[in-house]
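Each remark here refers to the structure printed beneath this line.
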Amino acid sequence: MQSSIQSPVPKEQIPLHEFIELSSSFFFSWPRKGTLILFKNLTISWLLTLPIFIIISTGSYSSKGDIAKIIIISFISSLIVPLAILIRQFLGWNYICSRLRSHYIFYEESDWHDGQTWEKPNFWKIRDNLIATQEVLPILSLISKITISLLLLLSISTSCLLLFTHK
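Quick note: the sequence shown uses this note's numbering, first residue 11, plus one each step.
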C-alpha cells in the first residue's frame, strides 16, 4: 500500500531517485566506493594537473632559473584541483542530503519554472531520513575530513614555502 502512493512530483525530481542517480554517476560515486578510491582519484587528478601547473610556474619572473622553486610552487598550487573536486562533491551530496531530510519536496512540473511543493508521506519521510543518515551523512563526513586535511596541508606547505623562500 505504501509503495502505491501517487506523487505529483516528476520521477527524476523525487529525492530517492536523485540519490540513486547521484550515487551511480562516475564523479559522485567516488566517496561511496570507499576512502581508498576517493584518495586514488584525487591523487590522479592532482598528478594529471601537476604538469600544467609546472608550465604555468615557469612563466614566473621571480622563479626564473630556480627549478626547485618552480616544482615546489607547482606541487602546492596544483592541490587546488583536488580541493575544488572535494568542494563540488560536498555541494552535490549536501544538496541530496537536504532534499532527503526535508519533509517537503520542491519540484517543477514543466520548464516554465512553476515551482510546487508537495509534502512527503510519512513512509517517504522515514525512508529518506534513513538514507540521509546511513548513506549520505557518512559521505559528507568523509569529504569534510579530507577537505580539512587538504586545506591544512595546503596552508602548512604554503607557510613553509614562504618561510624558506623569503630572504
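Glycine included, C-beta positions come from ideal geometry on N, C-alpha and C.
Note that the structure is a prediction, hence the values are computed from the model and not measured.
Problem set entry | Outcome for residue 12 when other beta-carbon atoms lying within 10 angstroms are tallied against a minimum of 16 | Working through the sequence shown from its first residue, we reach residue 12 at position 2. Annotation note: pLDDT 49 at residue 12 (below 50); position unreliable, coordinate value reported separately. Residue 12 is exposed by the Cβ-count criterion.
Problem set entry | residue 16 in three-state terms, based on DSSP | Looking up residue 16 in the sequence shown gives position 6. In this structure, residue 16 counts as coil in the three-state DSSP scheme.
Exercise. Closest to residue 36 by CA distance: which of 94, 51, 106 is it?
Worked result: Your numbering for residue 36 matches position 26 in the sequence shown. Residue 51 holds the alpha-carbon nearest to the alpha-carbon of residue 36 among 94, 51, 106.
Exercise. Are residue 23 and residue 117 close, meaning C-beta to C-beta below 8 Å?
Worked result: Within the sequence shown, numbered from 1, the residue matching residue 23 stands at position 13. Within the sequence shown, numbered from 1, the residue matching residue 117 stands at position 107. Yes, they are a contact pair.
Exercise. Any idea if residue 41 is buried or exposed, counting beta-carbon neighbours within 10 angstroms, 16 or more meaning buried?
Worked result: If you number the sequence shown from 1, residue 41 lands on position 31. With 16 or more Cβ atoms within 10 Å of its Cβ, residue 41 is classed as buried.
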